[in-house]
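This note's numbering numbers the first residue of the sequence shown as 10 and each following residue consecutively. Every residue gets a Cβ at the ideal spot worked out from N, C-alpha and C, and that includes glycine. This structure is a prediction, so every number in the text was calculated from the model and none was measured. Notes to accompany the following structure.
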Amino acid sequence: MNAVRLPPNRRPVELIERTFPSANMAIIRGPRPILIDPGFATDAAEVEAHLDRLDLHPRDLQCIALTHYHCDHNGAVEYFQQTYGVPVAAERTEAAAAVDGTLRRMVSRWYVQPAPRYTVDVYLDDGMVLETGGPAVQAVATPGHTVGHLSFVTDEGTLIAGDTFHASDVAPVTPFREGATSLHRLIESIHRLLAIDAPVRRALSGHGPLITAPVEAMEAALERLDTWVAEPERAAWHALKRLGTYNLMLTDGMTERDFTTFLLQAPWFVDYAKHAFDTTPQDFVTSYIAELKRANAVVIDEGVMRPTTPYHPPPPGWLAGDTG
Ligand SMILES: [Zn+2]
């Protein structure tokens, strides 16, 4: 292997933590650098600033590689592809969910989150290795949170785990969008990550701080997910809280009345009411909002419901963007 020439005092793997609603990002440095999960559409300028800080130009990137198709991870892809021609690498079904018009509409409407359109240049399969000339990056199939979710592990011991598990939380599972067995697949995926045949020193998940004890974090996630298998309602409540607060972040809060109207039309809410709780959205909405308040997931601030999790709302009007 050729000697890797990096500027002094520069880490070969840059891990960048972001505030909700955006997701964390990683840059694997080397002669052919890779950027993993550029974040939300409105993060593009910040991504450019990070690249600039590392003396990189977007055109230097070998590719943008994606863990999964959710807009907090892939939103900025379109900008970099259109502006600089950066190639995009994604798993095949993830690519379909982001690229195919009908599938893209289905998923963006279900989550009520606009999905930017881009094309995928490289399909990533389980086990595929991307050489950067610096740390090599291997794709690991970790379905569950989404059907084709990928994690990435570098040969210097960093796991980029997307939304498989977080430092002190687990990823929401949405069986009505990602398949009835999505919880079981997520459990299987975390077992796969635990079985990686290389020392994993640290992990960056899609949200939250750097994880310095990844094995412990994965074991804690598995323990929680196992309780969900025994009590599926807990998985449903977890996903419902994440989806509700996420939609409140995207709109920077709503009045209770507007949120009620929103929920009754939100496909994710309708599906959970009908299929997880065997009731109607109209009958479920009051107890749902009461539970968000009871769990301190939201506060009412001058009549507006806002999530208690810190977040930077995207600019107003962004939601009216490309959902079709
Ligand atoms: Zn996600």
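Comparing alpha carbon positions, the residue from Arg-201, Val-182, Ile-220 and Ile-199 closest to Leu-249 is Val-182.
Secondary structure in the region 54-140: the beta strand (DSSP E) runs of 3 residues or longer, each lying completely within the stretch, are 72-74 and 97-99 in chain order. For Ile-37, the enclosing beta strand (DSSP E) starts and ends at 34-37.
When DSSP states are grouped into helix, strand and coil, Ala-229 belongs to the helix group. Taken in chain order, the complete beta strand (DSSP E) segments of 3 or more residues contained in the region 182-224 are 211-214. Those residues placing their Cβ nearer than 5 Å to any heavy atom of ligand 1 are, following chain order, His-79 and Asp-172.
Three or more beta-carbon pairs drawn from the region 255-270 and the region 295-313 are found closer than 8 Å, and the two stretches are therefore classed as touching. When C-beta atoms of the region 93-105 are compared with those of the region 65-73, three or more pairs fall below 8 Å, so the two segments count as touching.
Here the region 57-67 makes no contact with the region 240-247; the two share fewer than three CB pairs at distances below 8 Å. With contacts defined as CB atoms closer than 9 Å, Pro-223 and Leu-168 qualify as a contacting pair.
Residue state for Arg-41 is assigned as coil, using DSSP reduced to three classes.
Taking all protein chains shown into account, His-66 has fewer than 16 neighbouring C-beta atoms within 10 Å of its C-beta and is therefore exposed. Around Ala-207, the same chain offers Val-162, Asp-164 and Gly-166 as residues with beta carbons nearer than 8 Å, after the five sequence neighbours per side are excluded. In this structure, the alpha-carbon of Pro-323 lies about 32 Å from that of Thr-289.
Comparing alpha carbon positions, the residue from Gly-215, His-175 and Ile-220 closest to Val-209 is Ile-220.
Residue pairing of Ala-148 in beta bridges, as defined by DSSP: Phe-161. In terms of Cβ geometry, Leu-257 and Pro-316 form a close pair [threshold 9 Å]. Taking each of Gly-142, Gly-171, Arg-201 and Glu-225 in turn and checking the Cα distance to Asp-81, the smallest one comes out for Gly-171. DSSP places Asp-178 in no alpha helix (DSSP H); its state is neither H nor E. Closest option to Leu-192, judged by alpha-carbon separation, among Phe-174, Gln-147 and Ile-205: Phe-174. Here DSSP, grouped into helix, strand and coil, assigns Val-156 to coil.
Proximity of the region 133-142 to the region 29-44 meets the contact definition, three or more beta-carbon pairs being nearer than 8 Å. If the five residues before and after Ile-25 are omitted, its C-beta is found closer than 8 Å to the C-beta atoms of Asn-33, Met-34, Ala-35, Ile-36 and His-59, all from its own chain and listed in chain order. Here the C-alpha atom of Arg-20 lies approximately 18 Å from the C-alpha atom of Ser-214.
Phe-293 carries a helical assignment under DSSP once its states are collapsed to helix, strand and coil. DSSP links Pro-316 through a beta bridge to Val-307.
Distance from Ala-148 to Asp-135 at the Cβ level is roughly 6 Å; contact confirmed, criterion being Cβ atoms closer than 8 Å.
In this structure, Gly-217 places its C-beta atom within 9 Å of the C-beta atom of Ser-177. In this structure, the alpha-carbon of Ala-212 lies about 17 Å from that of Thr-28.
In chain order, Phe-278 and Val-294 place their CB closer than 6 Å to the CB of Leu-272, counting only its own chain and leaving out the 5 sequence neighbours on each side.
For Gly-253, no beta strand (DSSP E) encloses it; the enclosing alpha helix (DSSP H) starts and ends at 241-259. Residue state for Phe-174 is assigned as strand, using DSSP reduced to three classes. Asp-235 and Glu-100 have their C-alpha atoms some 27 Å from each other.
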